[in-house]
Amino acid sequence: MGLDRVFSTDNASTGRAHVSAYGSGSLPAISYPGGTSSSSSSRIDYYGYSGQRKRSGPAGTTGLQNLGNTCFMNSALQCLSNTRALTRFFLDGSYRGDINRDNPLGMQGRVADVYGDLLRQLWQDDVAHIAPREFKSVLQRFAPQFSGYQQHDSQEFLAFLLDGLHEDLNRVRVKPYIEIPDADGRPDEEVAEERWRMHRARNDSKVVDEFQGQYKSTLVCPQCNKVSVTFDPFMYLTLPVPAIKLRNIATGTKGPLTLARCLEEFTRAEQLSEDDSWYCPQCKEHRQATKKFDLWRLPDTLVVHLKRFGQSRGWRDKIDDLVEFPITGLDLSEWVIGERADTASAPIYDLYAVSNHFGGLGGGHYTAYAKNIATDAWYDFDDSSVSPVSESQVVVSSSRDGAGSVEQK
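If you're matching positions, the sequence shown starts at 1 in full-length UniProt numbering and goes up one per residue.
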């Protein structure tokens with residue numbers, strides 16, 4: 001899967017949700033049992049995480065050592081570490097009450113445990129950087145694709161981690177069997193709510209609470225005009241980045257590409273290819289139907305993945321065009337047709353983290369920009385190195401170079 005940028009935003013509707021999640025900005029008081037260190041030593045050790053002491057800097061500015069092409073993992077972890085609601089949930093110990101060690105789809109709670117340990121290390125204020133060997137060791141037991149030291153897609157890693165945390169923290173101990181009824185011409189609102197309730201009956205975790213939304217998919221048969229509507233959950237949005245030539249032909253305009261234009265491309269109706277044709281239940285044949293996506297329900301924390309690879313003369317290529325996006329006040333009202341579309345609570349988001357990739361399709365280097373959840377200051381996370389960065393640098397650097405594409409797996 002091609003990654004260009006995963007940038008996450010806090011829902012800022014109804015008084016900027018999450019902005020005051022920590023009150024005045026203080027983090028929960030956390031003790032660290034089992035840690036060993038010496039005031040005279042520059043080294044620190046905690047449950048298998050060796051690290052280096054730092055002389056100054058607030059909590060949450062601890063770097064992650066590159067264990068050998070693991071910058072993709074470090075970038076995603078720093079973004080997730082600055083997700084207010086999820087990090088608070090782990091740092092105050094609430095997650096322990098939700099761990100589901102019997103879920104056959106989970107990892108016996110091991111991923112949740114090791115992620116909690118990692119977060120406690122990242123949010124100590126006296127550690128400059130740590131080596132996340134224990135975290136990687138546990139993760140690769142359940143995801144062999146991340147074994148070794150090959151470069152991987154940061155978005156692919158983030159998707160696996162969020163899914164793993166969800167299953168380890170799923171409050172549903174016994175998933176009920178649910179038969180999905182036909183829509184039978186019922187109103188979209190009724191069907192969407194029904195599908196969401198059915199989804200939550202089997203999937204109930206802090207990850208779902210924060211990260212999952214719902215989209216509407218519409219298929220129309222070109223022969224008989226049969227319409228098929230489905231509603232499905234999503235953990236992140238993968239938005240296409242149209243190439244300059246295609247964009248200019250479609251709009252007749254030039255200039256920088258915006259996130260709004262990527263959203264327009266995502267919601268644009270398109271005809272399925274012959275290889276991807278849809279079986280029409282009315283015609284009893286495969287048809288090249290028209291397909292359209294619409295956003296129906298948005299989560300409190302939205303993860304957006306910009307897909308910057310394309311085909312040119314038979315070759316896969318990276319789209320390096322600048323994509324403009326706002327730091328604050330991203331209003332998605334125009335693209336939400338369901339929940340919140342007709343309410344006073346507009347779906348407005350503030351940017352808080354960006355996963356960047358520099359390089360081409362075959363390789364490169366990942367870094368992250370993230371807004372510290374305790375101080376609201378932006379930092380540049382480049383493996384072990386962590387340094388302050390201005391909002392203007394976040395916009396310019398991420399919009400132009402951002403996370404490029406890695407080779408499709």
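Just so it is clear, CB atoms sit at the ideal spot from N, CA and C, and this is done for glycine as well.
Strand pairing of L257, partner residues [DSSP]: V323
If I measure Cβ to Cβ from V389 and keep anything under 7 Å in the same chain, skipping five residues before and after, which residues do I get? The residues are Y369, W378, Y379, D380.
Is it buried or exposed for A201, if we count other Cβ within 10 angstroms and need 16 for buried? exposed
Considering only their Cβ atoms, is the gap separating C79 from S355 smaller than 8 Å? yes
Nearest to D163 by CA position, among P176, L91, S205, is which residue? Looking at P176, L91, S205, the one whose alpha-carbon comes closest to that of D163 is S205.
What does the Cβ neighbour count give for N66, buried or exposed, with the cut at 16 atoms within 10 Å? buried
By DSSP, does N74 sit in helix, in strand, or in coil? helix
Same chain only: Cβ atoms within 7 Å of V114, ignoring 5 sequence neighbours per side: E134, F135, V138
Looking at G63 and S345, is the spacing between their C-beta atoms short of 8 Å? no
What are the boundary residues of the alpha helix (DSSP H) that includes Y115? Element bounds for Y115: 110-122.
Would D98 and L169 be called neighbours here (beta carbons separated by less than 8 Å)? yes
Name the two residues that bound the continuous beta strand (DSSP E) containing L219. 213-220
Can you list, in chain order, the residues of its chain whose CB lies under 6 Å from that of N103, leaving out five sequence neighbours each side? Short of 6 Å from the beta carbon of N103, and not among the five residues preceding or following it, lie these beta carbons of its own chain, in chain order: E167, N170.
Which stretch, first to last residue, makes up the beta strand (DSSP E) that contains A201? Per DSSP, A201 belongs to no beta strand (DSSP E); it is in the alpha helix (DSSP H), 188-202.
For D300, the residue or residues it bridges with in DSSP: Looking at the DSSP assignment, D300 forms no beta bridge with any residue, so it has no partner.
V174 burial status per 10 Å Cβ neighbour count (16 or more: buried): exposed
Cβ contact (3+ pairs, closer than 8 Å) linking the stretch 189-201 and the stretch 234-244: No: fewer than three Cβ pairs fall under 8 Å.
What are the boundary residues of the beta strand (DSSP E) that includes R287? 285-287
Just how far apart, CA to CA, sit G106 and P144? 15 Å
Report the rounded CA-to-CA distance for E179 versus V191, giving the unit in angstroms. 14 Å
DSSP three-state assignment for H129, whether helix, strand or coil: strand
Find the nearest neighbour of F325 within the set K292, D300, A353, F211, judged by alpha-carbon distance. A353
Please state the DSSP three-state secondary structure of K226. coil
What are the boundary residues of the alpha helix (DSSP H) that includes A159? Going by DSSP, A159 is part of the alpha helix (DSSP H) stretching over 154-168.
Tell me which same chain residues have a C-beta within less than 8 Å of the C-beta of S81, skipping the five on either side of it? G60, T87, L119, L122, W123, A370
Supposed close pair Q282, C224 - CB separation, criterion 8 Å: 5 Å
Kindly indicate which three-state DSSP category D350 falls into: helix, strand or coil? strand
Report buried or exposed for S42, applying the criterion of at least 16 other Cβ atoms within 10 angstroms of its Cβ. Confidence in S42 is poor, its pLDDT being 49 and thus under 50, which makes the residue's placement too unreliable to answer from.
Residues in its own chain within less than 8 Å of S39 by CB, not counting five upstream and five downstream? For S39, the predicted model reports a pLDDT of 38, less than 50, meaning its position is unreliable and no value from the coordinates is stated.
Simplified DSSP assignment, three categories, for N271: Rather than Asn, the amino acid found at residue 271 in this sequence is Gln. Q271: strand per DSSP, three-state reduction.
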